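Undergrad: One structure follows; several queries about it will come next.
Okay, here's the thing in structure tokens:
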């Protein structure tokens, strides 16, 4: 018998994408890192909304990606976005679009009220880069990194001065809305240098292993960090919101593409609650099985007694 040694990789429904700089573009790699948006949801409301419902920056000339059966059943609404990055090209400030709400336009006022309501109910955005969720990561009280698969659209400080845990606004004013209109992206990649799949471009290419974001409220189209937060009160009528972002690529060859989900799974509370869900399901199954067994035994007992007579 002859044995041949091979290296195999398999992940159902998903294959690794390879990205490279625009200067070394070829058929084996992509130069554009596309960002897809999904529906928004909130733990304080049962109603999810399309990304366009809150009048964010959208793109209309591109078709939506084809969703699989699981995404359709779970109500996913994945759409293309105007956020598109050149691989390995950092960007300190990029203006995506500017939304203006004027008191003379009834439709724009309606959209502004929607945005306010979304911040009151703490609606979360869910974005996707290279088939991975864009995560909002922070340190908890035990200095452990926690990564959420969604990030808030903004923050509302109530009339009594209270706000949500996700609100990172210091000294927020009462009864004030703060829109998180500036996003700081950090995309971590595994370099192709020394890898078989990266022989054509080396350090000029790689595979994405993490996509993280930090949210900020900046009243500036130039991403001025010293600018005042973009804030307005519930009585505001004329509001202008510039949506901007910054981008940074970070190389990390210690993490392989196959392990890129580990940092997300470790911080999700659902992974710990899963055992309770399994136990709960088993108890229900055993209880129902016991009821069926008792009914069958009583029925058979009557039949046996009738047969003996």
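Residue numbers (this note's numbering): 26 to 334. Beta carbons are placed, not taken as given, at the ideal position from N, Cα and C, and that holds for glycine. Here the structure is a predicted model, which is why all the values come from computation and not from measurement.
Just curious, the alpha helix (DSSP H) that residue 252 is in, first and last residue?
TA: No alpha helix (DSSP H) holds residue 252; DSSP gives it neither H nor E.
Undergrad: Would you call the stretch 41-49 and the stretch 112-126 touching, i.e. three or more CB-CB distances under 8 Å?
TA: Yes: at least three Cβ pairs fall under 8 Å.
Undergrad: Spell out a yes or no on whether the stretch 202-221 and the stretch 229-240 are touching, meaning 3 or more CB-CB pairs, one atom from each, closer than 8 Å.
TA: Flag = yes, the stretch 202-221 and the stretch 229-240 touch.
Undergrad: Could you compute how far the alpha carbon of residue 280 sits from the alpha carbon of residue 43?
TA: In a straight line, the C-alpha of residue 280 is about 15 Å away from that of residue 43.
Undergrad: What is the C-beta distance between residue 235 and residue 148, in whole angstroms, given that I count them as a contact (C-beta under 8 Å)?
TA: Their Cβ separation, rounded to whole angstroms, is 24 Å, which puts residue 235 and residue 148 out of contact at 8 Å.
Undergrad: Among 197, 317 and 169, which has the Cα closest to the Cα of residue 182?
TA: Residue 182 has its Cα closest to that of 197, out of 197, 317 and 169.
Undergrad: Which whole-angstrom value is the C-beta distance of residue 205 and residue 177, which I expect to be below 8 Å?
TA: About 6 Å separates the two Cβ atoms, so the contact holds.
Undergrad: Let me make sure I understand the geometry here. Which of 168, 140 and 326 has the alpha-carbon closest to that of residue 258?
TA: Residue 258 has its Cα closest to that of 140, out of 168, 140 and 326.
Undergrad: Could you tell me whether the stretch 119-126 touches the stretch 252-268, where touching means 3 or more Cβ pairs closer than 8 Å?
TA: Counting Cβ pairs under 8 Å, three or more are found: they touch.
Undergrad: Which value, in whole angstroms, describes the spacing of the CA atoms of residue 314 and residue 333?
TA: When rounded, the distance between both Cα atoms is 28 Å.
Undergrad: DSSP beta-bridge partners for residue 265?
TA: Residue 265 is bridged to 125.
Undergrad: If I follow the unbroken beta strand (DSSP E) through residue 235, where does it start and stop?
TA: Looking at the DSSP string, the run of the beta strand (DSSP E) that includes residue 235 is 230-241.
Undergrad: Please name the residue, chosen from 79, 326 and 291, that lies closest to residue 169 on a Cα-to-Cα basis.
TA: Here the closest residue by C-alpha is 291.
Undergrad: Just how far apart, CA to CA, sit residue 151 and residue 319?
TA: Taking the straight line from one Cα to the other gives about 48 Å.
Undergrad: In terms of residue numbering, what span does the beta strand (DSSP E) encompassing residue 132 cover?
TA: Residue 132 -> not in any beta strand (DSSP E); alpha helix (DSSP H) instead, spanning 131-145.
Undergrad: In the DSSP assignment, find the unbroken beta strand (DSSP E) run with residue 279 in it and report its ends.
TA: From DSSP, residue 279 is part of no beta strand (DSSP E); its letter is neither H nor E.
Undergrad: Do you know offhand how far residue 227's Cα is from residue 60's?
TA: Cα-Cα distance, rounded: 24 Å.
Undergrad: Provide the residue span of the beta strand (DSSP E) that contains residue 173, from first to last.
TA: 170-173 is the span of the beta strand (DSSP E), which, as asked, contains residue 173.
Undergrad: Need the endpoints of the beta strand (DSSP E) that residue 203 sits in, please.
TA: 201-204 is the span of the beta strand (DSSP E), which, as asked, contains residue 203.
Undergrad: Can you tell me where the beta strand (DSSP E) with residue 65 in it begins and where it stops?
TA: It spans 65-67 - the beta strand (DSSP E) in which residue 65 sits, taken as one unbroken run.
Undergrad: May I ask you to report which of helix, strand or coil DSSP gives residue 197?
TA: If DSSP states are grouped into helix, strand and coil, residue 197 belongs with coil.
Undergrad: Quick one: what's got a C-beta closer than 6 Å to residue 262's C-beta in the same chain, skipping five residues either side?
TA: Answer for residue 262: 128, listed in chain order.
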